[in-house]
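Chains as they are written, first to last, in the numbering used here: chain A, 1478 to 1619; chain B, 4 to 112. Where is the CB? At the ideal position from N, CA and C, for every residue including glycine. Contents: one structure, followed by commentary.
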């Protein structure tokens, strides 16, 4: 049940965030240019981030690739969580905005809590998915 | 593919479409900016836009302390307008001040 709910939540999250960026690529570009990493990284990230999010959403939609989708979602969430943590620890020379879609009103701290919750849920969903895919000796038809 | 998951994905796409920045009518007069952050005392706002790509001439229409095409500007939050497309300013209110990459404010007026 929790696995299904988490998968649904992740499909909603990644379809929203990927298309949110695709529909407003210029605004997303501006957001990226204000992040505290070298501008040389910005151009590839403008396309790589929405593409990764879109592929994750598609992978989660398909039964065959759902496990890969959960792994991909977990990796993306962990990367973003680490980035937020670095911002909150003031490891960068400036604090960028936390703007983006319907999450623009959230502070970095709220973002962190949301991400930790989603990362935890994804981890549980992935664990239960892995557990489900291992055939139980009781179910083997000899 | 499960139908309910597909519906959820469509819901996400629909939400993204509804939340997309709207094209301002009369774009010659109105220019949108990507809101970045507000100073702690709330008197200054940092935002950015590739003004050169938007057709503005550096040194004539705008200026900034950084020599790159992407400049970070500082504006008065009292002049900002907000709607579903985000924060925006009238072009007459485009400021001519900027901050450099290290965050120091430089008034170029």
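Residue-level contact by beta carbon holds for residue 1500 of chain A and chain B, with a gap shorter than 8 Å. The C-alpha of residue 1606 of chain A is placed about 20 Å away from the C-alpha of residue 9 of chain B. With 16 or more neighbouring CB atoms inside 10 Å of its own CB, residue 16 of chain B falls in the buried class.
Look at residue 1599 of chain A: its C-beta is not under 8 Å from any C-beta on chain B. Residue contact with chain B for residue 1517 of chain A: absent (no Cβ-Cβ distance below 8 Å to any residue of chain B).
The alpha carbon of residue 1512 of chain A has as its nearest neighbour, out of A:1587, A:1569 and A:1481, the alpha carbon of A:1569. With respect to the 8 Å criterion, residue 22 of chain B and residue 1485 of chain A are not classified as neighbours on the basis of their beta carbons. Residue 1588 of chain A counts as buried, since at least 16 other C-beta atoms from the protein chains shown sit within 10 angstroms of its C-beta. If you draw a straight line from the Cα of residue 1599 of chain A to the Cα of residue 1557 of chain A, it is about 14 Å long.
Excluding sequence positions up to five before and after residue 1522 of chain A, its CB lies within less than 7 Å of the CB of 1509, all in the same chain and listed in chain order. In this structure, the beta-carbon distance from residue 1584 of chain A to residue 1534 of chain A does not fall below 8 Å. For residue 1563 of chain A, not one C-beta of chain B is nearer than 8 Å to its own C-beta. Excluding sequence positions up to five before and after residue 1542 of chain A, its CB lies within less than 6 Å of the CB of 1536, all in the same chain and listed in chain order. The beta carbon of residue 1480 of chain A lies closer than 7 Å to those of 1602, 1605 and 1606 in the same chain, with the five residues before and after it left out. The three-state secondary structure of residue 1562 of chain A, taken from DSSP, is helix. The beta carbon of residue 1484 of chain A falls within 8 Å of a beta carbon belonging to chain B, placing the residue at that interface. Per DSSP, the continuous alpha helix (DSSP H) segment holding residue 1491 of chain A begins and ends at 1479-1500.
Looking only at A:1478, A:1566, A:1565 and A:1551, the smallest Cα-Cα distance to residue 1594 of chain A is reached by A:1551.
A straight-line Cα-Cα distance of about 30 Å links residue 1499 of chain A and residue 1566 of chain A.
Excluding residues up to 5 positions away in sequence, 1495, 1498 and 1499 lie with their Cβ nearer than 7 Å to the Cβ of residue 1527 of chain A in the same chain.
Between residue 1530 of chain A and residue 1547 of chain A a beta carbon distance of about 14 Å is seen, past the 8 Å cut, so the two are scored as non-contacting.
Counting along the chain, residue 14 of chain B sits inside the alpha helix (DSSP H) bounded by residues 6-21.
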